[in-house]
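For reference, the structure is listed below as structure tokens.
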Amino acid sequence: MAAYRGWRGRRRAGGFTELRGRLLPVKDELPAPGDSDSDGDSEGPDDPDPEFLDAEEIDGGARQVKSWRVPSTRVIIKTKDSTEYIVNGSFPLDDPWWSVNVKVKVYQSRFYAIGPPSYELDDDSLGEVSILPLFLHKCNVPDVFTKDFLDWLPRDPPVTFSTLRELANDFDMEEGKNILPYLQNLSSPGAFVFLSLEIPLVMKYLPRLLPSKVRSLFLLDSNDQKSPGECQCNLLYDLERMLADDPWKLGFGLILYRELHLCGCEASWESFLHCEDLLVRIPSLQINALIIYNELKKKCMELGDTYVELSDLNTAVTNAQDMPVEDAWEALEFLKTQEIVVMEQKRIFLYRWYWYEMHIAEYIQNIVQREPWSLDVYEEDVFGNISSPHERLNNADEQGTSNGETAAHCSDNGDGSGCAPAERCSTQLDADQKKAVRMILANPVTVISGKGGCGKTTVVSQVFKSMMKKENEEVEKACKALEEDIDASEEWFCDAMTSNPDHSNSIRVLLTAPTGKAASLLKKKTDLPAATLHQVTCSYSAWRKLDNDQVKWKFSNVEALVVDEASLVSVRMFSAVLKLLYSYGKLAKLVILGDVRQLPSIEPGNLLADVFAALSRLNWAIELKTNHRAESQLIVDNATRISHQFDVEFDAYVHIDGHNSSAMANGDKKFILVSLAHDADLSTAISTLLKNGPGLEDDKHSQFIAFRRNDCLLINEVCCKHYSKHTMKNHKNKFQFLCDDKVCCTKNAYVKDLVSRPRNSSNKLITSSSSQMVTISQPQPQFEEARILLDNSVLESGDQANKEVEEDDRLCNGEIFFVVNVSKFLKCCF
Numbered sequence: 001m002a003a004y005r006g007w008r009g010r011r012r013a014g015g016f017t018e019l020r021g022r023l024l025p026v027k028d029e030l031p032a033p034g035d036s037d038s039d040g041d042s043e044g045p046d047d048p049d050p051e052f053l054d055a056e057e058i059d060g061g062a063r064q065v066k067s068w069r070v071p072s073t074r075v076i077i078k079t080k081d082s083t084e085y086i087v088n089g090s091f092p093l094d095d096p097w098w099s100v101n102v103k104v105k106v107y108q109s110r111f112y113a114i115g116p117p118s119y120e121l122d123d124d125s126l127g128e129v130s131i132l133p134l135f136l137h138k139c140n141v142p143d144v145f146t147k148d149f150l151d152w153l154p155r156d157p158p159v160t161f162s163t164l165r166e167l168a169n170d171f172d173m174e175e176g177k178n179i180l181p182y183l184q185n186l187s188s189p190g191a192f193v194f195l196s197l198e199i200p201l202v203m204k205y206l207p208r209l210l211p212s213k214v215r216s217l218f219l220l221d222s223n224d225q226k227s228p229g230e231c232q233c234n235l236l237y238d239l240e241r242m243l244a245d246d247p248w249k250l251g252f253g254l255i256l257y258r259e260l261h262l263c264g265c266e267a268s269w270e271s272f273l274h275c276e277d278l279l280v281r282i283p284s285l286q287i288n289a290l291i292i293y294n295e296l297k298k299k300c301m302e303l304g305d306t307y308v309e310l311s312d313l314n315t316a317v318t319n320a321q322d323m324p325v326e327d328a329w330e331a332l333e334f335l336k337t338q339e340i341v342v343m344e345q346k347r348i349f350l351y352r353w354y355w356y357e358m359h360i361a362e363y364i365q366n367i368v369q370r371e372p373w374s375l376d377v378y379e380e381d382v383f384g385n386i387s388s389p390h391e392r393l394n395n396a397d398e399q400g401t402s403n404g405e406t407a408a409h410c411s412d413n414g415d416g417s418g419c420a421p422a423e424r425c426s427t428q429l430d431a432d433q434k435k436a437v438r439m440i441l442a443n444p445v446t447v448i449s450g451k452g453g454c455g456k457t458t459v460v461s462q463v464f465k466s467m468m469k470k471e472n473e474e475v476e477k478a479c480k481a482l483e484e485d486i487d488a489s490e491e492w493f494c495d496a497m498t499s500n501p502d503h504s505n506s507i508r509v510l511l512t513a514p515t516g517k518a519a520s521l522l523k524k525k526t527d528l529p530a531a532t533l534h535q536v537t538c539s540y541s542a543w544r545k546l547d548n549d550q551v552k553w554k555f556s557n558v559e560a561l562v563v564d565e566a567s568l569v570s571v572r573m574f575s576a577v578l579k580l581l582y583s584y585g586k587l588a589k590l591v592i593l594g595d596v597r598q599l600p601s602i603e604p605g606n607l608l609a610d611v612f613a614a615l616s617r618l619n620w621a622i623e624l625k626t627n628h629r630a631e632s633q634l635i636v637d638n639a640t641r642i643s644h645q646f647d648v649e650f651d652a653y654v655h656i657d658g659h660n661s662s663a664m665a666n667g668d669k670k671f672i673l674v675s676l677a678h679d680a681d682l683s684t685a686i687s688t689l690l691k692n693g694p695g696l697e698d699d700k701h702s703q704f705i706a707f708r709r710n711d712c713l714l715i716n717e718v719c720c721k722h723y724s725k726h727t728m729k730n731h732k733n734k735f736q737f738l739c740d741d742k743v744c745c746t747k748n749a750y751v752k753d754l755v756s757r758p759r760n761s762s763n764k765l766i767t768s769s770s771s772q773m774v775t776i777s778q779p780q781p782q783f784e785e786a787r788i789l790l791d792n793s794v795l796e797s798g799d800q801a802n803k804e805v806e807e808d809d810r811l812c813n814g815e816i817f818f819v820v821n822v823s824k825f826l827k828c829c830f
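Using UniProt numbering, the letters of the sequence shown map in sequence onto residues 1 to 830.
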């Protein structure tokens, strides 16, 4: 067993150089071509990656460590032979008192880091003439204290980080000037520097094992920590002990969660290979377990399953890793004992994913057995009152009112009172849609599958809207009857749109989707409450932290849950939401929508396909097959081809070579392949398409998708010049937004946070004597134009004065808007 060390002696192809030396201060310099511009980069250090907790982690109050993309930077490394190397790479720490060890490769006379560095505090560096003043300055020590301390400081022996605190204490005792609070302040680098003296293994290995977590673990974002002091330090001490005694445990997130209550942290096998001197101290049994676990995760991600056949895993490990079969079996048994995997028959499951699926089955069974939520709605109530937003829009057009006129008229009135109610018109449902309606009314759980345009959302929304309309009518009748009674309580004088006089703000029917954009679209299409699945879990987590029994959870009254785009939902997220809404809500009806032929979630598991197959046997699942959208059949067919990972078919071909282009396809072509000659640049190709390409006549309908940031910037610049007749940046190299510009959100945000966010340190907004309103418009082809008003009239305390902004109004990543009004307030705040 001890003979297997297949990882030893491995080297990356292409060769590299290992640099070991001290970091030197880098003088401020202009960004190189291609670097981030002055307006910031959405992928910079201030953009943490989203974190998702499961129900157990939320209930258990797990310690969550944010993931950050460490931005690429340029540092100078001075080796022992006094040679200085300028290296490009990701360095979470770049102060000149750190020594680093990093592997680099040379490309066009430049050095680039291969993988993350390891760190060590250069204790003696503080004795250098320039380093101590720089360190005191970064710790925000007042200049007068710095000068006096440097004058007082003995010349022999030289000061070190190990002795600095003692010297600072002596300075306070003799001179009465205390600089220790500045040195130990958590917002300054001093606190972490002194801590690093006690955690050398953490400094050496953690940046390589958990590179995306070091920014949070190293207290580099103390403003984001609610109580970063002793608690965070204790965590680093625990990690130091773990690295000294059982470093293999960092490769298993479940063990870190059970022992340190830490979630979202797990070192990959690839990361361990960057720490060869650490691997030497890990026993062969745990080495083999890490390798098998890595292979299991890779196979599950590749196949999209939560398990791997035992024979396939054995083959992968013994062949690719050259591991003896006996050692592989022993490592598998170790993983089973540690509850990292579950062995069921001849399948090996990832432990968490196994239980996610088990919990989904359990809570679906609980919903079935719970007292049913009887919808007091009949088929004719639904079939006779279906009117989609698209139909209302068409009806408004027939009456001579355009989208823009309607939206402008509503916004001018402020409260929407000037908007005339749209006429209702019935629509004819196909046989499958009628059957789906009956299933929702009769069954506690229903799964509806179908391609886009089959009417899944329309059917679901109308069922619940019919129910709410009927309840509103009954409440209104009761209210009017009681209002005639002179002794009636005031609580009965209620709005006709309120379905429950006691819980007017409670959410009973909740529509959800995996992304913010999809949830926002659901809300616009149905006029029902909608949220992302992540919002549900985050809301519960925030409610638990309140620890106030008098405050009810926002979703505690949810009785029906609708999950749209379920093929994109992971079993982890669905399991969490299902458990929370059943255990802490009143969930009694579940409706799942999606397309079983779409590719599943990027995480292991295929939620929609599995649930659809299981419930089809009970006749609780149905597939809608009729496309109700006016789309090309080729688009629908190609969607099926993509889901089966087949090549798509094109109905036209266009070649652009920068000189002579082939004839452009006409407007009835929907799937066009555009080929570029080797010497044709992207800018020329985009300009050619904008001039003659079908569907690109105006910016309300045109859309380009690119996979590289530089390509996106280039396409946006060309399109901005073509459609808006100006460049994206002004003469000061700042982004400029003008009326009629098309803009895309790159982050999720609540509108209420944007209109109430303080704009300077005094918590007062930067105001303007001109227009106080910023308006962006979001046209939807199938619905009325949506407008979002960002009001500047906010109190100095940060309270929101604009009552029109609803609590759940969101700007979602990927949503498209048009600027319809620009004020000075917008220019100085965004």
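The beta-carbon is built from N, C-alpha and C at its ideal position, and this holds for glycine as well.
Practice task
Might you give, ordered along the chain, the residues of its own chain that have their beta carbon closer than 7 angstroms to the beta carbon of C812, omitting 5 neighbours on each side?
Solution key: As a working mapping, residue 812 is identified with position 812 in the sequence shown. Hits under 7 angstroms: G516, K517, S520, C745, N748.
Problem - Whole-angstrom C-beta distance between L713 and I364, which should lie under 8 angstroms - result: Here residue 364 refers to the residue found at position 364 when the sequence shown is read from its first residue. Here residue 713 refers to the residue found at position 713 when the sequence shown is read from its first residue. Contact doesn't hold; Cβ gap of about 46 angstroms is too wide.
Problem - Selection from W373, C739, W248 that minimises the alpha carbon distance to K586 - result: In the sequence shown, counting from the first residue as 1, residue 586 sits at position 586. When only C-alpha atoms are compared, the closest one is W373.
Exercise for the section: Decide if I602 is buried, meaning its Cβ has at least 16 other Cβ atoms within 10 Å, or exposed. Expected result: Residue mapping note: residue 602 aligns to position 602 of the sequence shown, counting from 1. By the neighbour-count rule (16 or more Cβ atoms within 10 Å), I602 is not buried but exposed.
Practice task
Determine the DSSP secondary structure at S388, reduced to helix, strand or coil.
Solution key: In the sequence shown, residue 388 corresponds to position 388, counting from 1. Unreliable positioning characterises S388 in this predicted model, as indicated by a pLDDT of 43, which lies under 50. The coordinate reading is nonetheless provided below. The answer is coil: DSSP assigns S388 none of H, G, I, E or B.
Practice task
Compare the Cα-Cα distances from S125 to each of S162, N710, T73 and report the closest residue.
Solution key: Residue mapping note: residue 125 aligns to position 125 of the sequence shown, counting from 1. Cα-wise, what sits closest to S125 is S162.
Problem - Distance between C275 and E18 (C-alpha atoms, nearest Å) - result: Here residue 18 corresponds to residue number 18 of the sequence shown, with the count starting at 1. Here residue 275 corresponds to residue number 275 of the sequence shown, with the count starting at 1. C-alpha separation (whole angstroms): 13 angstroms.
Handout entry: Backbone CA spacing between Y4 and K249 [nearest angstrom]
Key = Within the sequence shown, the letter at position 4 stands for residue 4. Within the sequence shown, the letter at position 249 stands for residue 249. Confidence in Y4 is poor, its pLDDT being 41 and thus under 50, which makes the residue's placement unreliable; the coordinate value appears in the next sentence. Y4 and K249: Cα-Cα distance of roughly 20 angstroms.
Exercise for the section: Could you check what DSSP says for N821 in three-state terms: helix, strand or coil? Expected result: Mapped onto the sequence shown, residue 821 falls at position 821. Strand, per DSSP.
Handout entry: Reduced DSSP secondary structure (H/G/I, E/B, other) of T446
Key = Here residue 446 refers to the residue found at position 446 of the sequence shown. Residue state, collapsed to three classes: strand.
Practice task
Mind listing, in chain order, the continuous alpha helix (DSSP H) runs of no fewer than 4 residues lying wholly within the region 54-89?
Solution key: 55-59
Problem - Continuous alpha helix (DSSP H) stretch holding E357: start and end - result: On the sequence shown, position 357 is the one that residue 357 refers to. Here the alpha helix (DSSP H) through E357 covers 351-369.
Problem - Segment contact, 8 angstroms Cβ cut-off, at least three pairs: the region 111-128 with the region 83-102 - result: Between the region 111-128 and the region 83-102 there are three or more C-beta pairs closer than 8 angstroms, enough to call the two in contact.
Exercise for the section: Could you tell me which residues DSSP puts in a beta bridge with Y112? Expected result: On the sequence shown, position 112 is the one that residue 112 refers to. N88, K105.
Handout entry: For K554, the first and last residue of its enclosing beta strand (DSSP E)
Key = Numbered from 1 along the sequence shown, position 554 holds the residue referred to as residue 554. Element bounds for K554: n/a, residue is neither H nor E.
Handout entry: Y257 and S575 closer than 8 angstroms at C-beta
Key = The sequence position of residue 257 within the sequence shown is 257, counting from 1. The sequence position of residue 575 within the sequence shown is 575, counting from 1. Contact: no.
Handout entry: Exposure of L738, with buried meaning 16 or more beta-carbon neighbours within 10 Å
Key = Residue 738 sits at position 738 when you count from the first residue of the sequence shown. Taking all protein chains shown into account, L738 has fewer than 16 neighbouring C-beta atoms within 10 Å of its C-beta and is therefore exposed.
Exercise for the section: Could you pull the start and end residues of the alpha helix (DSSP H) that E333 belongs to? Expected result: The sequence position of residue 333 within the sequence shown is 333, counting from 1. Here the alpha helix (DSSP H) through E333 covers 325-337.
Practice task
Compute the distance between the beta-carbons of E84 and L153, then report whether it is under 8 angstroms.
Solution key: Taking the sequence shown and counting its residues from 1, the one referred to as residue 84 is at position 84. Taking the sequence shown and counting its residues from 1, the one referred to as residue 153 is at position 153. No, the Cβ-Cβ distance between E84 and L153 is not below 8 angstroms.
Practice task
With DSSP as the reference, label E309 as helix, strand or coil.
Solution key: Within the sequence shown, the letter at position 309 stands for residue 309. It is a strand residue.
Exercise for the section: Identify every residue that forms a DSSP beta bridge with T17. Expected result: Position 17 of the sequence shown, counting from 1, holds the residue named residue 17. Per DSSP, V104.
Practice task
Express the C-alpha separation of P600 and G452 in angstroms, rounding to a whole number.
Solution key: Position 452 of the sequence shown, counting from 1, holds the residue named residue 452. Position 600 of the sequence shown, counting from 1, holds the residue named residue 600. The alpha-carbon atoms of G452 and P600 are separated by roughly 15 angstroms.
Problem - According to DSSP, residues forming a beta bridge with L811 - result: Along the sequence shown, one-based indexing puts residue 811 at 811. Beta-bridge pairing links L811 to A749.
Exercise for the section: Evaluate T315 with the Cβ neighbour count: other Cβ atoms within 10 Å of its Cβ, from every protein chain shown; 16 or more gives buried, anything less gives exposed. Expected result: The residue you call residue 315 lines up with position 315 of the sequence shown. The residue in question, T315, is exposed, as its Cβ has fewer than 16 Cβ neighbours within 10 Å.
Handout entry: For Y584, the three-state DSSP class (helix, strand or coil)
Key = Along the sequence shown, one-based indexing puts residue 584 at 584. Y584 falls in the coil class under three-state DSSP.
Exercise for the section: Output the residue ranges of the beta strand (DSSP E) runs that lie fully inside the region 609-673 and measure 3 residues or longer, sorted by chain position. Expected result: 621-624, 652-656
Handout entry: CB of L313 within 8 angstroms of CB of L296, strictly
Key = If you number the sequence shown from 1, residue 313 lands on position 313. If you number the sequence shown from 1, residue 296 lands on position 296. Yes, these two residues count as a Cβ contact at 8 angstroms.
Problem - Proximity below 8 angstroms, CB of V611 to CB of V447 - result: In the sequence shown, the residue the question calls residue 611 occupies position 611. In the sequence shown, the residue the question calls residue 447 occupies position 447. Taking 8 angstroms as the Cβ cut-off, V611 and V447 qualify as a contacting pair.
Exercise for the section: Return the CA-CA distance between L522 and T512, expressed in angstroms with no decimal places. Expected result: As a position in the sequence shown, residue 522 is number 522, starting the count at 1. As a position in the sequence shown, residue 512 is number 512, starting the count at 1. Near 8 angstroms, if we compare the C-alpha coordinates of T512 and L522.
Problem - Under the three-state DSSP convention, the category T526 falls into - result: Residue mapping note: residue 526 aligns to position 526 of the sequence shown, counting from 1. T526: helix per DSSP, three-state reduction.
Practice task
Using the Cα positions of A244 and G61, report the straight-line distance between them to the nearest angstrom.
Solution key: In the sequence shown, counting from the first residue as 1, residue 244 sits at position 244. In the sequence shown, counting from the first residue as 1, residue 61 sits at position 61. Roughly 27 angstroms separates the two Cα atoms.
Exercise for the section: Determine the burial state of M301: buried for a count of at least 16 other Cβ atoms within 10 Å of its Cβ, exposed for fewer. Expected result: Reading the sequence shown from its first residue, position 301 is the one you call residue 301. Exposed: under 16 other Cβ atoms inside 10 Å.
Practice task
Below 6 angstroms CB to CB, which residues in the same chain sit around K346 once its five sequence neighbours on both sides are set aside?
Solution key: The count along the sequence shown starts at 1 and reaches residue 346 at position 346. So the list reads L310, once near-sequence residues are dropped.
Practice task
Check each candidate in C265, E198, A191, L236 and name the one with the smallest Cα separation from K213.
Solution key: Counting from 1 along the sequence shown, the entry for residue 213 is found at position 213. Here the closest residue by C-alpha is C265.
Handout entry: Span separating the alpha-carbon of L210 from that of G21
Key = For the purposes of this step, residue 210 is identified with residue 210 of the sequence shown, where counting begins at 1. For the purposes of this step, residue 21 is identified with residue 21 of the sequence shown, where counting begins at 1. So the alpha carbons of these two residues sit roughly 22 angstroms apart.
Problem - Cβ pair D657, L682 closer than 8 angstroms - result: Indexing the sequence shown from 1 puts residue 657 at position 657. Indexing the sequence shown from 1 puts residue 682 at position 682. Not closer than 8 angstroms, so no.
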